[in-house]
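A.B. asks: The structure under discussion is supplied below as structure tokens; questions concerning it will follow.
Numbering (my numbering), first residue to last: -7 to 114.
Structure follows, in structure tokens:
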């Protein structure tokens, strides 16, 4: 029995998809909050740094993961600069738009995990 069919029988979604959905829901909640909260200040500080890149493997940070998921679902969108963060903040203010954005990202993650299960069952 494949993982894909097991998820379908149990009426469940893969944990990786649930994590993506939770991550984006929390990120939207943070973006709708006041700019003075520590999470928003940390995001602003992350994108305002003008330091040079360090040698070696790049560290995996939340903004890097969010940018990867966003650019996979929406190739024209990215999260690499303060301006991109401000665009997402304005988008998050309208919960309907934010819900459709996160829904598309989640669907893309679901399709990606489905492809992984199909490849693993061969």
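C-beta: ideal position from N, C-alpha, C; glycine also.
Please read these numbers as outputs of a predicted model, since none were measured by experiment.
In this structure, how does DSSP classify residue 118 when only helix, strand and coil are distinguished?
C.D. replies: Outside the modelled stretch of the chain, which goes from -7 to 114, sits residue 118, for which no answer is possible.
A.B. asks: Applying the 10 Å Cβ sphere with the 16-neighbour rule, what's the burial state of residue 114?
C.D. replies: Residue mapping note: residue 114 aligns to position 122 of the chain shown, counting from 1. The pLDDT assigned to residue 114 is 48, lower than 50, so where the model puts this residue is not dependable, and the model offers no usable value.
A.B. asks: Determine the burial state of residue 116: buried for a count of at least 16 other Cβ atoms within 10 Å of its Cβ, exposed for fewer.
C.D. replies: Since the first residue of the chain shown is -7 and the last is 114, residue 116 is not available in this structure.
A.B. asks: Have a look at 30, 10 and 39 and flag the residue whose alpha-carbon is nearest the alpha-carbon of residue 103.
C.D. replies: Residue 103 sits at position 111 when you count from the first residue of the chain shown. With distances taken between Cα atoms, residue 103 lies closest to 10.
A.B. asks: Just the Cα atoms here: how many angstroms apart are residue 5 and residue -2?
C.D. replies: Sequence index remark: in the chain shown, residue 5 carries index 13 (1-based). Sequence index remark: in the chain shown, residue -2 carries index 6 (1-based). So the alpha carbons of these two residues sit roughly 10 angstroms apart.
A.B. asks: With a Cβ-Cβ cutoff of 8 angstroms, do residue 73 and residue 20 count as a contact?
C.D. replies: Mapped onto the chain shown, residue 73 falls at position 81. Mapped onto the chain shown, residue 20 falls at position 28. Going by C-beta atoms, residue 73 is not nearer than 8 angstroms to residue 20.
A.B. asks: Quick one: what's got a C-beta closer than 7 angstroms to residue 84's C-beta in the same chain, skipping five residues either side?
C.D. replies: Locating residue 84 in the chain shown gives position 92, counting from the first residue. Only 20, 23, 24 and 90 meet the Cβ criterion.
A.B. asks: Note the first and the last residue of the continuous alpha helix (DSSP H) segment covering residue 67.
C.D. replies: Looking up residue 67 in the chain shown gives position 75. Premise fails: residue 67 is in no alpha helix (DSSP H) and is neither H nor E.
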